[in-house]
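Residue numbers (my numbering), protein chains in the order written: chain A, 1 to 263; chain B, 264 to 526. Virtual Cβ for every residue (Gly too), placed ideally from N, Cα, C.
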């Protein structure tokens, strides 16, 4: 499956217009999936406006993006602030040309930037099937927890989508942590970052698509970019035959890492 | 604490002589610790000779290395085939100038290369205190399992030593997985690889010392090398204040990753 990553838009303004242009570009490249950044519909570092702009998962913005997916034939994963009654989540939704497939609420909130405005999600593994691949959804800081990616792999995730808003000086996450996740848990990983600046934050771009061998199939620089890469199920099967991490685990040795809980 | 990594010896022959030279070099650089590769005393890819050459943890080779540690004032972590009655383990021992501190048996055996000759270790987290730092020991393939490094971090490991025998084409482990471990579990990681060739294997070198921010403090190329880096407890404390992965975990979401066991 050809997969596209929209690292953008760099400028504030007509986000859905930019997203429609990116989807058209993805379709022209033969892509069946377009992955966009965290909170792409509204901006991420927007303070109380996250609450003003939050919409239900089937709200007007979702319907417009579903229209873009239907019009271009490209499934779209995008971040947005989700309202559910009096709660607001930092969410990612996957919308196929034929309708909404899955909605995930960020479970690992990052610092005050997230915690001041969002309720943490309660469900770790959210998946959907697309073009014969089992897709999983995470958001930004979530992917820094290898346990969560492992839970995805054990639940069958083959292609992990990670919309993000990674700022300087955390390039290590895009350059090192994401490729390590793909290799150690034997899945394709798509990391779709914001670019440019918001208030005092400078996003570092560096969106990527990584194969289960840890090979970086496509990598963006700092600026706006539409990345294209092929996610090949045969390459996944070949890698899992060679790299047997998922079956070489010894869960009885790790019990301490799932003891206790932070309610 | 100044830490040295001996990526070698490149040539077969007087391994303990080479190790003594490396320890003297480490001492001259002010190091209190020297980390050597997996199975440094005998070679790694040696087939049945691993059983012939295996010694108890307090055997003659251990006593000679303890003598080098005492003579140079440098603690030495080194890999060797360990005999315990009728079993042979792929082990690493940490020997301080004042005596043996800890012995770890590889828990995650790598393919037929390991499984044909070694019994897997039963204890995941082996630690010792040295120069005010809590040291942890793992071996090669072990470090590719983030659960195991997490278990170390939660048990208090601050400096993780990983003697290894990493061969081509698995450079991704040295370049990407080890730095990811240091960052995600907030500890210093020392990865001490073999160099040169054994039979059909070519080791890729690339030994490294990585800080908890993911910064590579020192990195070897392919050939024999004595690396020197400073492991600073104050930098660890500063990084853990900034990067709160260990306290931001949500263990209740990962329960599936420690269910079941492969006996």
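Would you say residue i faces chain A, with C-beta separation under 8 Å as the test?
| i | result |
| --- | --- |
| residue 477 of chain B | yes |
| residue 521 of chain B | yes |
| residue 463 of chain B | no |
| residue 268 of chain B | no |
| residue 361 of chain B | no |
| residue 509 of chain B | no |
| residue 379 of chain B | no |
| residue 443 of chain B | yes |
| residue 410 of chain B | yes |
| residue 399 of chain B | no |
| residue 355 of chain B | no |
Would a C-beta distance cut-off of 8 Å place residue i and residue j closer than the cut-off?
| i | j | result |
| --- | --- | --- |
| residue 366 of chain B | residue 394 of chain B | no |
| residue 421 of chain B | residue 499 of chain B | yes |
| residue 172 of chain A | residue 139 of chain A | no |
| residue 181 of chain A | residue 231 of chain A | no |
| residue 196 of chain A | residue 70 of chain A | no |
| residue 68 of chain A | residue 36 of chain A | no |
| residue 268 of chain B | residue 453 of chain B | yes |
| residue 7 of chain A | residue 144 of chain A | no |
| residue 49 of chain A | residue 41 of chain A | no |
| residue 382 of chain B | residue 350 of chain B | yes |
| residue 489 of chain B | residue 293 of chain B | no |
| residue 34 of chain A | residue 20 of chain A | no |
| residue 38 of chain A | residue 220 of chain A | no |
| residue 485 of chain B | residue 467 of chain B | yes |
| residue 198 of chain A | residue 78 of chain A | no |
| residue 250 of chain A | residue 186 of chain A | no |
| residue 476 of chain B | residue 254 of chain A | no |
| residue 160 of chain A | residue 233 of chain A | no |
Using the beta-carbon of each residue, which ones in chain B are nearer than 8 Å to residue i?
| i | result |
| --- | --- |
| residue 89 of chain A | The premise fails here: residue 89 of chain A is roughly 15 Å from chain B at the closest Cβ pair, so nothing lies under 8 Å. |
| residue 154 of chain A | 519 and 520 |
The beta strand (DSSP E) spanning residue i covers which residue range?
| i | result |
| --- | --- |
| residue 342 of chain B | 338-347 |
| residue 129 of chain A | 127-130 |
| residue 160 of chain A | 159-163 |
| residue 33 of chain A | 33-35 |
Residue i touches chain B at which residues, Cβ-Cβ below 9 Å?
| i | result |
| --- | --- |
| residue 107 of chain A | 513 and 516 |
Distance cutoff 8 Å, beta carbons only. Does residue i sit that close to anything in chain B?
| i | result |
| --- | --- |
| residue 183 of chain A | yes |
| residue 150 of chain A | yes |
| residue 53 of chain A | no |
| residue 124 of chain A | yes |
| residue 172 of chain A | yes |
| residue 177 of chain A | yes |
| residue 267 of chain A | Coverage of chain A is limited to positions 1 through 263, which leaves residue 267 of chain A absent and any answer about it impossible. |
| residue 230 of chain A | no |
| residue 127 of chain A | no |
| residue 71 of chain A | no |
Excluding the five sequence neighbours on either side, which residues of its own chain have a C-beta within less than 8 Å of the C-beta of residue i, listed in chain order?
| i | result |
| --- | --- |
| residue 336 of chain B | 290, 295 and 360 |
| residue 154 of chain A | 246 |
| residue 177 of chain A | 143 and 144 |
| residue 123 of chain A | 104, 105 and 107 |
| residue 318 of chain B | 324, 325, 343, 344, 345 and 346 |
| residue 322 of chain B | 346 |
Need the endpoints of the alpha helix (DSSP H) that residue i sits in, please.
| i | result |
| --- | --- |
| residue 280 of chain B | 278-291 |
| residue 481 of chain B | Looking at the DSSP string, residue 481 of chain B is not in any alpha helix (DSSP H); the run it does join, the beta strand (DSSP E), is 479-482. |
| residue 327 of chain B | 323-335 |
| residue 241 of chain A | 233-242 |
| residue 442 of chain B | 441-447 |
| residue 510 of chain B | 508-511 |
| residue 146 of chain A | 146-154 |
| residue 111 of chain A | 111-115 |
| residue 52 of chain A | 49-53 |
I'd like the list of long-range same chain contacts for residue i, defined as Cβ closer than 7 Å, with 5 residues on each side in sequence excluded.
| i | result |
| --- | --- |
| residue 263 of chain A | Confidence at residue 263 of chain A is low in this model, with a pLDDT of 42, below 50, so its placement is unreliable and the value that follows should be read with caution. Closer than 7 Å at the Cβ level, and outside the excluded window around residue 263 of chain A, lies no residue. |
| residue 256 of chain A | none |
| residue 53 of chain A | 42 and 81 |
| residue 94 of chain A | 75, 77, 101, 102, 128, 135 and 137 |
By the criterion of Cβ-Cβ separation under 7 Å, what are the contact partners of residue i in chain A?
| i | result |
| --- | --- |
| residue 407 of chain B | 184 and 245 |
| residue 301 of chain B | Chain A residues near residue 301 of chain B: none, gap ~17 Å exceeds 7 Å. |
| residue 487 of chain B | Here the premise fails: no neighbours, minimum Cβ distance about 26 Å. |
Sorted by chain position, which residues of the same chain lie with C-beta nearer than 6 Å to residue i's C-beta, five sequence neighbours on each side aside?
| i | result |
| --- | --- |
| residue 115 of chain A | 109 |
| residue 126 of chain A | 102, 104 and 137 |
| residue 209 of chain A | 190, 217, 218 and 229 |
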